[in-house]
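Chains as they are written, first to last, in this note's numbering: chain A, 1 to 165; chain B, 166 to 353.
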């Protein structure tokens with residue numbers, strides 16, 4: 001019986017469409033897209049907005065686009081970027097973030113970010129929260145975001161003290 | 166005579182003292198920097214005269230900004246920590262450009278979380294505008310984008326003032342805390 005069950009299981013897995021897998025440490029995969037180092041900053045006091053960051057890479061040939069983000073931690077979750085025009089910083093909503101093979105998209109402070117608007121509660125360092133990303137081709141996947149300290153410039157696991165940006 | 170007048174005016178503009186250039190710095194006219202008449206996060210009336218005799222490190226921003234403003238404040242806080250013994254000669258200040266949302270009470274639950282000595286300042290929109298103008302800070306509340314959750318476009322420099330409220334140096338947003346501390350230490 002066992003070998004039959006094993007064979008059946010293998011068949012099912014082989015036939016399955018691209019599955020979304022999410023791991024604990026800010027890592028997830030969906031289709032040919034890999035999401036890594038999902039992190040956010042702890043928010044000071046009761047500020048209404050927070051920001052989350054992550055790295056997106058695409059394997060293979062196809063370019064995809066991150067087109068939607070969602071999370072239970074905030075009333076509205078959007079993709080935003082910063083435009084610097086003559087020394088003036090302008091934060092703007094963007095519709096999508098492209099992920100092309102060989103060209104990872106890195107959401108980081110000062111650049112593209114996931115804007116968490118209307119936080120239900122302050123984000124506290126050390127906590128984790130779920131963030132669902134929807135890609136145009138690959139579909140949706142949930143990633144767990146790790147909350148770093150207030151004003152952190154990068155996730156703690158890759159903190160190189162003494163190397164400022 | 167007209168040519169001489171033009172030469173004098175141009176010369177004056179070109180020779181106008183500017184703050185130093187260098188990594189993490191931006192050279193701006195040294196006469197930038199003006200008085201302010203605001204309220205701190207404890208609800209006390211504060212002007213620049215209250216910082217007479219102390220260096221000051223000030224930046225402008227707003228609480229609802231989750232990215233640039235916390236970065237600036239974290240850089241300032243870290244730079245002060247790097248200064249070690251001299252740090253208490255430098256007063257860190259955060260001036261909001263969004264006084265409607267950033268009341269003294271709201272700022273009380275914000276500023277100290279970056280640094281225990283960070284003073285946040287707010288006031289009437291007119292007083293805030295005057296303070297910003299003194300530092301040639303460009304800003305715009307983008308209520309046209311969202312009337313409630315509006316972003317604020319703003320310049321992102323951090324200004325170092327001497328004990329007589331004269332501008333010494335201007336830091337870019339991208340300056341490292343180590344570099345900021347090194348520049349400040351030179352003046353202490």
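The C-beta atom is built at its ideal place from N, Cα and C for all residues, glycine as well.
*Since I believe residue 119 (chain A) is in contact with residue 74 (chain A) (beta carbons under 8 Å), could you give me their beta-carbon distance rounded to a whole number of angstroms?*
With 8 Å as the limit, residue 74 (chain A) and residue 119 (chain A) qualify as a contact, their Cβ atoms being about 5 Å apart.
*Answer with yes or no whether the minimum CB distance from residue 238 (chain B) to chain A is below 8 Å.*
Among the residues facing chain A, residue 238 (chain B) is included, as its CB has a counterpart in that chain under 8 Å away.
_Counting only Cβ pairs nearer than 7 Å, list the residues of chain A close to residue 228 (chain B)._
Identification of chain A residues near residue 228 (chain B) by a Cβ-Cβ cut-off of 7 Å yields 47, ordered along the chain.
*asked:* Check whether chain B comes within 8 Å of residue 150 (chain A), counting only Cβ atoms and requiring the distance to be less than that.
replied: Contact of residue 150 (chain A) with chain B is assigned, a C-beta pair being separated by under 8 Å.
*Can you pull the chain B residues whose beta carbon is under 8 Å from the beta carbon of residue 51 (chain A), in chain order?*
Residues of chain B whose Cβ lies closer than 8 Å to the Cβ of residue 51 (chain A) are, in chain order, 231, 232.
*Where does residue 37 (chain A) land, buried or exposed, given buried means 16+ other C-beta within 10 angstroms?*
Residue 37 (chain A) should be labelled buried.
*Given a cut-off of 8 Å, decide if residue 35 (chain A) and residue 27 (chain A) are closer than it, judged by their beta-carbon atoms.*
Yes, Cβ-Cβ distance for residue 27 (chain A) and residue 35 (chain A) is below 8 Å.
*At 4 residues or longer, and completely inside the stretch 221 to 261 of chain B: list those alpha helix (DSSP H) runs for me, N to C.*
Here the runs fully enclosed are 233 to 248.
*asked:* For residue 261 (chain B) and residue 272 (chain B), which I take to be in contact (beta-carbon distance under 8 Å), what is that distance rounded to the nearest angstrom?
replied: Sure, about 7 Å apart at Cβ, within 8 Å.
*Evaluate contact between the stretch 267 to 285 of chain B and the stretch 239 to 247 of chain B, counting only Cβ atoms and requiring at least three cross-stretch pairs below 8 Å.*
Between the stretch 267 to 285 of chain B and the stretch 239 to 247 of chain B there are three or more C-beta pairs closer than 8 Å, enough to call the two in contact.
*The beta strand (DSSP E) spanning residue 130 (chain A) covers which residue range?*
Segment 128 to 135, the beta strand (DSSP E) holding residue 130 (chain A).
*asked:* By alpha-carbon positions, which one of B:352, B:345, B:332 ends up nearest to residue 199 (chain B)?
replied: If you compare the alpha carbons of B:352, B:345, B:332 with that of residue 199 (chain B), the shortest gap goes to B:332.
*Starting from the Cα of residue 304 (chain B), find the closest Cα among B:224, B:276, B:351, B:349 and give me that residue.*
Minimum Cα distance to residue 304 (chain B) is reached at B:224.
*Anything in chain B within Cβ reach of residue 153 (chain A), meaning under 8 Å, just list it in chain order.*
At a beta-carbon threshold of 8 Å, the residues of chain B lying near residue 153 (chain A) are 236, 239, ordered along the chain.
_Cβ distance (whole Å) where residue 336 (chain B) is taken to contact residue 189 (chain B) below 8 Å_ = About 6 Å separates the beta carbon of residue 336 (chain B) from that of residue 189 (chain B), a gap short enough to meet the 8 Å contact definition.
*Under 9 Å by beta carbon: chain B residues contacting residue 115 (chain A)*: Residues of chain B passing the Cβ test: 231, 232.
*Tell me, please, whether the CB atom of residue 99 (chain A) is closer than 8 Å to any CB atom in chain B?*
Not an interface residue.
_Stretch pair the stretch 339 to 347 of chain B + the stretch 297 to 311 of chain B: three plus CB contacts closer than 8 Å_ = Flag = no, the stretch 339 to 347 of chain B and the stretch 297 to 311 of chain B do not touch.
*In this structure, does DSSP put residue 351 (chain B) in helix, strand or coil?*
In the structure shown, the three-state DSSP call for residue 351 (chain B) is helix.
*Report back the beta-carbon spacing between residue 284 (chain B) and residue 202 (chain B) to the nearest angstrom; my notes put them in contact at under 8 Å.*
Actually they do not touch by this definition, with Cβ atoms about 14 Å apart.
*Going along the stretch 272 to 286 of chain B in order, which residues come within less than 7 Å of chain A, judged by CB to CB distance?*
Listed in sequence order: 274, 275, 278, 279.
_Please list, in chain order, the residues of the stretch 307 to 319 of chain B that have any C-beta partner in chain A closer than 7 Å._
For the stretch 307 to 319 of chain B, the set of residues with a beta-carbon nearer than 7 Å to any beta-carbon of chain A comprises 314, 316, 318, 319, in chain order.
*Output the distance between the C-alpha atoms of residue 442 (chain B) and residue 222 (chain B), rounded to the nearest integer angstrom.*
For chain B, the structure presents residues 166 to 353; residue 442 (chain B) sits outside this window and is missing.
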